[in-house]
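> Just so you know, the sequence shown maps onto residues -23 to -1, 1 to 177 in mature numbering (1 follows the signal peptide of the UniProt record, and there is no 0).
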Amino acid sequence: MKKTYFIIAALLCVLFIPKNSYSQVGIEVNYGLNGVFEPSINDLSHFGGAITYDFDETYGMKIDFASDKFRTKNPLFTEETGIDVTRISLQGTMNVSTAFTRARSYDFFNLLAHAGAGYSLVKSSYNAGNDNLINVVMGLTPRFKITDGLYFAVDTSVILNISQHYNFDGSFAYSDNVNSFTGITYNVTGGIIYKFNEYY
């Protein structure tokens, strides 16, 4: 199911990007830490990927996919319980380095910013049913050039889930605030970015 979401995102990106703009298309993959501040949960269980499109050296967009698992000790059970979150989002991107300095997008170091929204599917490890949410994502990505078109990136992102009805231990949230940003998580990841036929 998770691979299906990423394949759908890739196909949508290919369908809606102008055919003469292949030189500005890229792909991203990342892996790393995810967590929650309240309750305190963190684990190396985040996997993500994206198809990117640059309008120019400063502005662009991306369709990204992510999978996160959260587990914590629930006093009602003898084992850890929690939720699995699969999300897809459409985000705008800005190269902060080229926007505010004379840097070029293919320099050794660039700082990227991204923000957008999308859909999240939340499943409890022991409660039946799915929680369908709208997510809001924002983050910063320091990017380091390895070779032409290939970069190493460290991303820090905050994800806000609107109207999350499951607690992070997998239990149902019987509260008055289920229509607010009830699920706030973060990612700190390392990954690879590849730009096809990068412009010079």
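For every residue, glycine included, the Cβ atom is placed at its ideal position computed from N, Cα and C.
According to the Cβ coordinates, are L89 and R64 closer than 9 Å?
For the purposes of this step, residue 89 is taken as the residue at position 112 of the sequence shown. For the purposes of this step, residue 64 is taken as the residue at position 87 of the sequence shown. Not closer than 9 Å, so no.
> Comparing alpha-carbon positions, which option in M38, I18, N112, G69 lies nearest residue 180?
Residue coverage of the chain in this structure runs from -23 to 177, which leaves residue 180 outside it and unanswerable.
> Since Y171 and I18 are thought to touch, with beta carbons under 8 Å apart, how far apart are those beta carbons, to the nearest angstrom?
Numbered from 1 along the sequence shown, position 194 holds the residue referred to as residue 171. Numbered from 1 along the sequence shown, position 41 holds the residue referred to as residue 18. So it is not a contact: roughly 32 Å between Cβ atoms.
> Please classify D45 as buried or exposed, where buried requires at least 16 neighbouring CB atoms within 10 angstroms.
Translated into positions along the sequence shown, residue 45 becomes position 68. Answer is buried; the Cβ neighbour count reaches 16.
> According to DSSP, simplified to helix, strand and coil, what is Q68?
Looking up residue 68 in the sequence shown gives position 91. Residue state, collapsed to three classes: strand.
> Determine the closest residue to D84 out of G106, V73, V13, A92, with distance taken between C-alpha atoms.
Numbered from 1 along the sequence shown, position 107 holds the residue referred to as residue 84. Among G106, V73, V13, A92, the Cα nearest to that of D84 is on V73.
> Counting along the chain, where does the alpha helix (DSSP H) carrying T75 start and finish?
One-based indexing of the sequence shown puts residue 75 at position 98. Counting along the chain, the alpha helix (DSSP H) containing T75 begins and ends at 73 to 77.
> Just to confirm the assignment, what range does the beta strand (DSSP E) spanning E5 have?
Locating residue 5 in the sequence shown gives position 28, counting from the first residue. 2 to 13 is the span of the beta strand (DSSP E), which, as asked, contains E5.
> Please name the residue in L67, K100, T124, T166 whose C-alpha comes closest to that of V113.
Here residue 113 refers to the residue found at position 136 when the sequence shown is read from its first residue. Answer by Cα proximity: L67.
> Taking the alpha-carbon positions, what's the S22 to N164 distance?
The residue labelled residue 22 in the question sits at position 45 within the sequence shown. The residue labelled residue 164 in the question sits at position 187 within the sequence shown. Approximately 10 Å, taken between the alpha carbons.
> Over what stretch of residues does the beta strand (DSSP E) that includes R48 continue unbroken?
Counting from one through the sequence shown, the residue named residue 48 turns up at place 71. It spans 36 to 50 - the beta strand (DSSP E) in which R48 sits, taken as one unbroken run.
> Quick check: the Cα distance between residue 179 and F173, rounded to an integer number of angstroms?
Coverage of the chain is limited to positions -23 through 177, which leaves residue 179 absent and any answer about it impossible.
> Is the CB-CB distance between V99 and I60 below 9 Å?
Indexing the sequence shown from 1 puts residue 99 at position 122. Indexing the sequence shown from 1 puts residue 60 at position 83. Contact flag set, yes.
> Between which two residues does the beta strand (DSSP E) carrying D31 extend?
The count along the sequence shown starts at 1 and reaches residue 31 at position 54. Here the beta strand (DSSP E) through D31 covers 18 to 31.
> Taking 6 Å as the limit between beta carbons, can you name the residues of its chain near N51, skipping five residues before and five after?
As a working note, residue 51 is residue 74 in the sequence shown. Correct list, in chain order: T58, D146.
> Sort out for me which residues DSSP pairs A80 with in a bridge.
Reading the sequence shown from its first residue, position 103 is the one you call residue 80. Answer is none; A80 lacks a bridge partner.
> CB S148 to CB N109, shorter than 9 Å?
Your numbering for residue 148 matches position 171 in the sequence shown. Your numbering for residue 109 matches position 132 in the sequence shown. Result no, Cβ atoms of S148 and N109 do not sit closer than 9 Å.
> Excluding the 5 residues flanking A27 on each side, which residues of the same chain have their C-beta closer than 6 Å to its C-beta?
Reading the sequence shown from its first residue, position 50 is the one you call residue 27. Closer than 6 Å at the Cβ level, and outside the excluded window around A27, lie E5, K39, D41.
> Excluding the five sequence neighbours on either side, which residues of its own chain have a C-beta within less than 7 Å of the C-beta of H142, listed in chain order?
By 1-based counting over the sequence shown, the position of residue 142 is 165. Within the same chain, H142 has close Cβ partners D108, F149, A150, V155.
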